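Quick note, the sequences are listed as chains A and B, same order.
So the first sequence is numbered by this note's numbering: it starts at 1 and just counts up by one.
So the second sequence is numbered by this note's numbering: it starts at 1 and just counts up by one.
Protein chains: 2
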Amino acid sequence: MDQLFKYFALFNPLSQEAENAISRISSMITSKKNEHLQFIGHTCKTIYFIKKGVARIYYYKDGIDITESFSFENNIIARVESLFTGNPSRKAIQILEDAEIVAINAGELFKLYDTFPEIERLFRKIFESAYVETVSRIEGIQFHSAEERYKALLCDAPNLLLKVPLKYIASYLGITQVSLSRIRAQR
Amino acid sequence: MDQLFKYFALFNPLSQEAENAISRISSMITSKKNEHLQFIGHTCKTIYFIKKGVARIYYYKDGIDITESFSFENNIIARVESLFTGNPSRKAIQILEDAEIVAINAGELFKLYDTFPEIERLFRKIFESAYVETVSRIEGIQFHSAEERYKALLCDAPNLLLKVPLKYIASYLGITQVSLSRIRAQR
DNA sequence: CTGATTATTTATCTTATGTTAATGGATTTG
DNA sequence: CAAATCCATTAACATAAGATAAATAATCAG
């Protein structure tokens, strides 16, 4: 759990009691490549922290598997469109590289908000920063070609290539794997 | 201010004291078409609530005016990428239809978070829901043509057309106004 | 080791959108 | 009120990004 609390401290350091409270509603999971953490149709009731490994969120668009996002070590992953609305999610979470994960029970977490304003503040800040990232991703999608986005992605996450099949990267970029191959081929 | 507190109550109803505290750090503004609420390069220190009128956030991409978002009556507008980071914003806020606006001092508001957890919770929820909207907008941009996005936009905000010049809608959709005209022409 | 999955290559084709330019209507402003 | 500016439409043409299909090569996993 230490690793998790170090990550939290980047946003809002917690008191010992708050950390204990979070520990109590969390569990450690190990999961192997290609396994699912969450399935399509279920309502999201867990926030995951990736200690080690890689995961993605994906969904089906017209029967085609689309990767919405990747998450690496030392990051949170959650299907916010379900977590914050209570609606069932059309999305799934899948492990792409053997992973160690902390699973935080979201229902219990939200209850902790009442007794620990510092915890509410922590997650407010975490999701504010995720929100800001998402806003700037829109700009990237709308005004850059697939090639530019691919290069930007590599800058952002250079080890992505080592860990993730290209077909997932292609769908993340919004193109076919054939197109991605072509992009990679030029030089 | 009543209208604002009704809007707030949709997310998290406030106590009388909390409402008073917010009133104290807010001011009423009226602004005419084409005026600016916020300029490029300034750090965002205000959250606006639109009681009446229309506004947009825009920025320049390669010298071209791009509309990032529109906001209508009964909605919040803020440049979150600056508000949450403290960085100067590359974006501006402009009024598109004569407006009455409540301006909330963000610095003071964030201080209120310490004394009024209910206010922190309120804004947490407001921005969580904005975040969810933004996530789904990405899907719209990546997997729908400009034509589909235009139609979806009209569904979403039917009175947009009456209030906003088409050139702004075009840049919001990521296309030129010539292309938008062509899309509108077919039937 | 062998079948299954994944990646690459090539070739062809589609189509959405950009660019430029001309026009007429609307709106602002001196 | 007239001139000037801005806005939306239309047309003609260009183009380039990416889809699709099919065949091959490489890699992975049981």
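For glycine and all other residues, C-beta sits at the position ideal for the given N, C-alpha and C.
Computed from a predicted structure; not experimentally measured.
What residue does the alpha helix (DSSP H) around A:T176 start on, and which one ends it? Segment: none, A:T176 is in no alpha helix (DSSP H) and carries neither H nor E.
Using a Cβ cut-off of 9 angstroms, pull out every chain B residue sitting near A:I110, in sequence order please. Reading off the sequence shown, one finds Phe at residue 110 of chain A, where the question assumed Ile. Those do not exist, as A:F110 stays about 10 angstroms from chain B at its closest Cβ, beyond 9 angstroms.
Are the C-beta atoms of B:F70 and some chain A residue less than 9 angstroms apart? no
B:D2 versus B:L83 - alpha carbon distance: 25 angstroms
Host alpha helix (DSSP H) of B:T85 (start-end): That residue, B:T85, is in no alpha helix (DSSP H); it is neither H nor E in DSSP.
Applying the 10 Å Cβ sphere with the 16-neighbour rule, what's the burial state of B:G53? buried
Shortest alpha-carbon distance to B:S181 belongs to which of B:T134, B:E73, B:A146, B:I141? When only C-alpha atoms are compared, the closest one is B:A146.
Whose C-beta lies closer than 8 angstroms to the C-beta of B:K33 among residues of the same chain, with five residues either side of it excluded? I95, L96, E97, D98
Anyone know if the C-beta pair for A:L14 and A:L109 falls short of 9 angstroms? no
Per DSSP, which one or two residues make a beta bridge with A:A99? A:S31
Can you tell me whether B:E19 is helix, strand or coil according to DSSP? Three-state result, B:E19: helix.
Round the Cβ separation of B:P117 and A:P117 to the nearest angstrom and send it over; I've been treating them as touching at under 8 angstroms. 4 angstroms
B:R56 in three-state terms, based on DSSP: strand
Any contact of the region 120–138 of chain A with the region 133–153 of chain B, i.e. 3+ C-beta pairs under 8 angstroms? yes
Between the alpha carbons of B:I183 and B:P165, how many angstroms are there, rounded? 16 angstroms
Which residues share a DSSP beta bridge with A:Q38? A:I93
With a cut-off of 8 angstroms, do at least 3 Cβ pairs link the region 63–81 of chain A to the region 16–36 of chain A? no
How about A:Y7 and A:I76: do their beta carbons lie closer than 9 angstroms? yes
Anything in chain A within Cβ reach of B:E128, meaning under 7 angstroms, just list it in chain order. F84, F127
Could you give the first and the last residue of the continuous beta strand (DSSP E) run that contains A:T67? 64–71
Flag this pair as yes or no: are the beta carbons of A:C44 and A:V102 separated by less than 9 angstroms? The Cβ atoms of A:C44 and A:V102 do not sit closer than 9 angstroms to each other.
Amino acids of chain B, ordered along the chain, whose beta-carbon sits closer than 7 angstroms to that of A:K61: F143
Between the alpha carbons of B:Y150 and B:Q186, how many angstroms are there, rounded? 13 angstroms
9 angstroms is my cut-off, CB to CB: does B:E97 come that close to chain A? no
Does B:R56 have its Cβ less than 9 angstroms from a Cβ in chain A? For B:R56, the nearest beta carbon of chain A is not closer than 9 angstroms to its own beta carbon.
What residue range does the beta strand (DSSP E) around A:I76 cover? 75–77
In chain B, which residues lie less than 8 angstroms from A:V132 when you measure between Cβ atoms? Listed by position along chain B, the residues whose Cβ is nearer than 8 angstroms to that of A:V132 are V80, E81, F84, T85.
Helix or strand or just coil, what does DSSP make of A:K167? Note: A:K167 maps to helix in three-state DSSP.
What number of angstroms, rounded off, separates the C-alpha of B:S171 from the C-alpha of B:E17? 43 angstroms
A:A106 and A:A78 closer than 9 angstroms at C-beta: yes
Residue closest to A:N74, alpha-carbon to alpha-carbon, out of A:K163, A:Q177, A:L4: A:L4
Contact residues within the region 9–21 of chain A, judged by C-beta distance below 7 angstroms to chain B: none
Best match in A:I22, A:N12, A:G63 for proximity to A:I104 [C-alpha to C-alpha]: Among A:I22, A:N12, A:G63, the Cα nearest to that of A:I104 belongs to A:I22.
Mapping the DSSP letters down to three states, classify B:K51 as helix, strand or coil. strand
In the DSSP output, which residue or residues are listed as bridge partners for A:N105? A:T46
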